[in-house]
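Just so we're aligned: the sequence shown equals residues 488 to 664 in our numbering. From the three backbone atoms N, C-alpha and C, an ideal C-beta is built for every residue, glycine too. Since we're looking at a predicted model, the values are computed, not measured.
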Amino acid sequence: MSSSAPQPEQLHFASDGRTPNSPHPVLIYRQLPLNDADLAAAFERLFASHLWPAQWRGSVYDYHHYHSTAHEVLGVTSGWARLVLGGEQGREVELRAGDALVLPAGTGHCGVQASADFQVVAGCPPDQRYDLLRPDECSHDAARERIARVGVPISDPLTGTQGALVTLWREGVAVSR
């Protein structure tokens, strides 16, 4: 992608006592200029070129969950979906083919409705491994401790080392300390 990449929407979520969320904003990139008939392959190449190798292709689970040990990027390769972000009382967003979503570790997400052809490509930084947790009060504090240890990546999965993630998430680290 070129320097003409659109600036992402930012969504901020605080802990709700069950879903930890993150001090870093969720980033939503709309209608990325990927000129390739195979959007899945285009997203995989783009993620890999910015050191966020793709891990799988599929959908988004239809139950609330989060990852406490990895940040996640989702590139929508076909169809559309409505997701709830930020936990059970979070915010609903709609994503369409060509959109991408960057979820900082701890951010709740759940698929609530999708077209039959909805598919995403997902990835994370190479030094991070996914876990899968559901919101609950008992595991919340331990998850927050793990989330605090997940480092800020060296690049934005969509725009590289000069991308919005690097600036926004590093500023957030400086502010929160």
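Item, Value
"Can you tell me where the beta strand (DSSP E) with residue 581 in it begins and where it stops?", "578–583"
"What is the DSSP secondary structure of residue 644, reduced to helix, strand or coil?", "coil"
"Hey, could you find the ends of the alpha helix (DSSP H) residue 597 is sitting in?", "It is not in any alpha helix (DSSP H) - residue 597 instead sits in the beta strand (DSSP E) that spans 596–601."
"For residue 604, which of 583, 648 and 593 has the nearest alpha-carbon?", "583"
"Comparing C-alpha positions only, which one of 570, 573, 589 and 501 sits nearest to residue 561?", "589"
"Can you list, in chain order, the residues of its chain whose CB lies under 7 Å from that of residue 648, leaving out five sequence neighbours each side?", "641 and 642"
"Checking the sheet assignment: what are the DSSP bridge partners for residue 569?", "581 and 600"
"Mind checking whether residue 540 and residue 655 have CB atoms under 8 Å apart?", "no"
"Report back the beta-carbon spacing between residue 610 and residue 568 to the nearest angstrom; my notes put them in contact at under 8 Å.", "Not a contact, Cβ separation roughly 18 Å."
"So, do the segment 614–621 and the segment 571–581 have three or more beta carbon pairs nearer to each other than 8 Å?", "no"
"With 16 other CB atoms within 10 Å as the buried threshold, where does residue 548 fall?", "exposed"
"State the Cα-Cα distance for the pair residue 626 and residue 554, rounded to the nearest angstrom.", "12 Å"
"Could you name the residues of the same chain whose beta carbon sits closer than 7 Å to that of residue 516, not counting the 5 residues immediately before and after it, in chain order?", "493, 495, 586, 587 and 645"
"At what residues does the alpha helix (DSSP H) containing residue 509 begin and finish?", "First-last for residue 509: 509–516, but that is the beta strand (DSSP E), not the alpha helix (DSSP H)."
"Compare the beta carbon distance of residue 608 and residue 544 with 8 Å and say whether it is the shorter of the two.", "yes"
"Who are the near neighbours of residue 551 in its chain, counting only those whose CB is closer than 6 Å to its CB and skipping five residues on each side?", "575, 595, 597 and 622"
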